[in-house]
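Enquirer: Residues in the sequence shown are numbered from 1011 upward in steps of one, following our numbering. I'd like to ask some things about the structure below.
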Amino acid sequence: MKRIARLLVLALCLNALPLAAFAQTPPAKPKKPATTTPAPRVELDPLAEARRNVAISLVNSLADEARSFRDPVLRARVQARAADVLWETDKARARALFRRAWEAAEAADTETARLTQEERRARAQARGSGAFSELPQVGPEVLRLASRRDRALGEEFLGKLDEMRKQEASNATSNQPPVEATPAARFDPDNPPPALLERLRLAEQLLADGQIENAIQFADPALYPINTFGMAFLDQLREWRASVANDRYAALIMRAMRDPASDANTVSLLSSYILTPHMYVTFGPSGDSHTRRRGPNNTPPADLPAQLRAAFFQAAAAILLRPLPPPEQDRTSTGRGGTYMVIARLAPVFEQYAPDAAPALRARLAILQPDTPERNRNPSNTVLTRGLVPEGTRDRVQENLDRLSNAQTSDERDEIYVNAFLASFREDNETRTRELADKIEDLDMRKRVRAMIAFHGIQKAITAKDADAALRAARSEELTPVQRTWGITEAARMMPKTDAGRAIETLESALVEARRIDAATPDRVRALVAIATQLFELDRSRAWETMSEVVKAANAAAEFSGEDGGLMARLELKGGGAMTTNFNVESFDLNGIFRSLAREDFDRAVSLAKSFNAESPRSVATLVAARTILDTQKPKTSREARTATQSDRQ
């Protein structure tokens, strides 16, 4: 009985085990389905999408029409810009347009190169005084646009450009009579081979556009051999990415030290990076110098790593103290005379930063001295200290005036006063400059000098943002009508928004000046465009009215292109030489005003663009209007639309 009872208890315990185990193991929780964020739904604004479709259609039609344009430069330019506008919407179409544009650019630049100097001058004069004086080369523009979008395409075009340059050089050589073989030419650091130069110019443009990585990739193969344009690129790159520029500079130092072809100009250009940024001094075999200044601030960088400076002086000493070849075998760009000048220029700096090398360099100077003209060896030669020490305090104006006692004729006196004027002009001494101008007896020369003073006065007032001063300078009778109109419109632009009435009144007076310009010239159109550009911010209905007058004037001026607007002030001197100021004026171009018009009323802006008869202004206006819509009315996602709505509510 007891045994049966025990068996019964054991059976009950065994039956309970699974229940206990089950009770101790909590049941697995059912897994929730994974949550995924749905892709944002694109919400299309029907009107915005319609405008985008119209813009794309306009650009495609214009690109096809451009193939038959009469002007080969415009043919290339429009197709390249159309490709740039269409890149985000249709890359295959854009690449095809870029290639068509490149073929047209090759033909256009070849035709421009064949023009005689007289033909170039005649075409430049026909474009008016409010345009750049040089005829444009369209190949570099196509290259820059393509490279910004597709580096491989840019490299392809660069290769073709190099081949074209080589073929041109070969053709020029074949047309010359045979000559005896000569030793290999010296490498000219101020005039590197076209392939290097084009690559560096492209890199500089890309850097200015903010395409930093692209710019570096294009520039890297052209930084060596050391040349002026490569060093200029490094100075600009340092302002964007100092460490990247420093690394490339360090690599150039090491490469130059190992290269047997490195010479004194190599050292002089390398020195600019640490001693005179944006200013580059080179020398020829006779000791004569060439200075390029690419920027106003030539102060040594304060954050230059000490090891970088030390590496330069080590490499510079090694290059400058290499054994000298016999004069007849010297193939360096500096020769003996130029080498002397580089050492003489840098010797004080060596004594400061690398005194151990200074005695040997002084000894080398003594050896080179007989091969250097005395005029260059003169301690007062300013090139020896240019950029390295502050300019002297010589009164160059008075030095010129001291020569008056020896002047025998009015022409000789005028020449002295003009030279004194130029010296005072550079010193920016306005009162003294006007006094000197008034003493010039030749009425025509006096008028031209006063025009230069007035033009400079407008520039100075714009820099100082002084509307009243700009207006006073613009009233000068010596200025041309287009210069006067530009000055008045710039004065109106600088007037405070609280004084809109006065600004509009000022622009009305500019309109009077613009209408005095010959109706058949591009300058009249540019002046009217500048007025409409400023009016748009003050009185939009008046701006649209003025644009109707712009179209009418443009249709009467065949040479108006719609862009390339600029101004030049030039003072030609009787004894030869000239003083020239030449710069771009954005308000003369259709780009700015049509960008504003398209934002306000796209359909009306397109209709206005179509009313230009000439191919160039019509193309410029159409492309700007289309780009404005494609850049500003991209489809928004539903999340972006909600964010925008919330912002509006707040």
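For each residue, glycine too, the CB sits at the ideal point set by N, CA and C.
(1) Just the Cα atoms here: how many angstroms apart are residue 1291 and residue 1421?
(2) Within the region 1587-1650, note down every full beta strand (DSSP E) run reaching 3 residues or more, in order along the chain.
(3) For residue 1341, name the three-state secondary structure that DSSP assigns.
(4) Given this structure, state the Cα-to-Cα distance separating residue 1592 from residue 1274, to the nearest angstrom.
(5) Alpha carbons only, please: which of 1302, 1257, 1296, 1270 is nearest the one belonging to residue 1279?
(6) Hey, out of 1405, 1441, 1455, whose CA is closest to residue 1428's CA?
(7) Near residue 1471, which residues of its chain fall below 7 Å by C-beta distance, leaving aside the five closest residues on each side in sequence?
(8) Any idea what DSSP makes of residue 1080, helix, strand or coil?
(9) Using the beta-carbon count (16 or more within 10 Å), is residue 1399 buried or exposed?
(10) What's the gap between the Cα of residue 1604 and the Cα of residue 1611?
(11) Round the Cβ separation of residue 1198 and residue 1299 to the nearest angstrom and send it over; I've been treating them as touching at under 8 Å.
(12) Taking all protein chains shown into account, decide if residue 1250 is buried (16 or more other Cβ within 10 angstroms of its Cβ) or exposed.
(13) May I ask you to report which of helix, strand or coil DSSP gives residue 1290?
(14) Cα-Cα, which of 1125, 1102, 1218 is closest to residue 1154?
(15) Can you tell me where the beta strand (DSSP E) holding residue 1578 begins and where it ends?
(16) For residue 1571, name the three-state secondary structure that DSSP assigns.
(17) Report the residue from 1580, 1166, 1368 whose alpha carbon sits nearest the alpha carbon of residue 1105.
(18) For residue 1382, which three-state DSSP category applies?
(19) Say whether the region 1541-1557 touches the region 1572-1591, bearing in mind that this needs 3 or more beta-carbon pairs closer than 8 Å, one atom from each stretch.
(20) For the pair the region 1560-1579 and the region 1403-1420, tell me if three or more CB-CB distances fall below 8 Å.
(21) What's the call for residue 1641, buried or exposed, on a 16-neighbour Cβ count within 10 Å?
(22) Rank 1107, 1622, 1457, 1395 by C-alpha distance to the C-alpha of residue 1074 and give the top, closest one.
(23) What residue range does the alpha helix (DSSP H) around residue 1158 cover?
(24) Which class does residue 1276 belong to by DSSP, given the choice of helix, strand or coil?
(25) Can you tell me which of 1310, 1287, 1370, 1355 puts its alpha carbon nearest to the alpha carbon of residue 959?
(26) Which term fits residue 1599, buried or exposed, when burial requires 16 or more other beta carbons within 10 angstroms of its beta carbon?
(27) With a CB to CB cut of under 6 Å and the five nearest residues on each side skipped, what residues in its chain are close to residue 1616?
(28) I need the DSSP call for residue 1299, collapsed to helix, strand or coil.
(29) Can you give me the start and stop residues for the alpha helix (DSSP H) that residue 1426 sits inside?
(30) Should the region 1563-1573 be regarded as contacting the region 1529-1542, the criterion being three or more beta carbon pairs within less than 8 Å?
(31) Residues in its own chain within less than 7 Å of residue 1410 by CB, not counting five upstream and five downstream?
Expert: In short, the structure shows the following:
(1) So the two alpha carbons sit approximately 36 Å from each other.
(2) Counting only runs of 3 or more, we get 1588-1594.
(3) Three-state DSSP puts residue 1341 in coil, outside helix and strand.
(4) Between the C-alpha atoms of residue 1592 and residue 1274 there is a straight-line separation of about 34 Å.
(5) Of 1302, 1257, 1296, 1270, the residue nearest in Cα terms is 1302.
(6) Answer by Cα proximity: 1455.
(7) Closer than 7 Å at Cβ, skipping near neighbours: 1479, 1480, 1483.
(8) Residue 1080 sits in coil when the DSSP states are folded into three classes, being neither helix nor strand.
(9) Exposed, because fewer than 16 other Cβ atoms sit within 10 Å of the Cβ of residue 1399.
(10) Residue 1604 and residue 1611: Cα-Cα distance of roughly 10 Å.
(11) No, residue 1198 and residue 1299 are not in contact; Cβ-Cβ is about 14 Å, not under 8 Å.
(12) Taking a 10 Å sphere around the C-beta of residue 1250, we find fewer than 16 other C-beta atoms and assign the residue as exposed.
(13) Residue state for residue 1290 is assigned as strand, using DSSP reduced to three classes.
(14) Residue 1218 is the option with its Cα nearest to residue 1154.
(15) That run of the beta strand (DSSP E) goes 1576-1582.
(16) Three-state DSSP puts residue 1571 in coil, outside helix and strand.
(17) Selected option, being the one with the closest Cα: 1166.
(18) Coil.
(19) Between the region 1541-1557 and the region 1572-1591, the count of Cβ pairs shorter than 8 Å is below three; the stretches do not touch.
(20) Of all C-beta pairs linking the region 1560-1579 to the region 1403-1420, fewer than three are shorter than 8 Å, placing the two stretches out of contact.
(21) Counting every other CB atom within 10 Å of its CB across the protein chains shown gives residue 1641 a total below 16, marking it as exposed.
(22) Between residue 1074 and the set 1107, 1622, 1457, 1395, the nearest pair of CA atoms involves 1107.
(23) From DSSP, the alpha helix (DSSP H) with residue 1158 extends over 1149-1159.
(24) Residue 1276 sits in a helix when the DSSP states are folded into three classes.
(25) The requested residue 959 is not part of the displayed model; the chain covers only 1011 to 1660.
(26) Taking all protein chains in view, the Cβ of residue 1599 is crowded by 16 or more other Cβ atoms within 10 Å, so the residue is classified as buried.
(27) Within the same chain, residue 1616 has close Cβ partners 1635.
(28) Strand, per DSSP.
(29) First-last of the alpha helix (DSSP H) with residue 1426: 1420-1437.
(30) Verdict: yes, contact present.
(31) Answer for residue 1410: 1426, 1429, 1430, 1433, listed in chain order.
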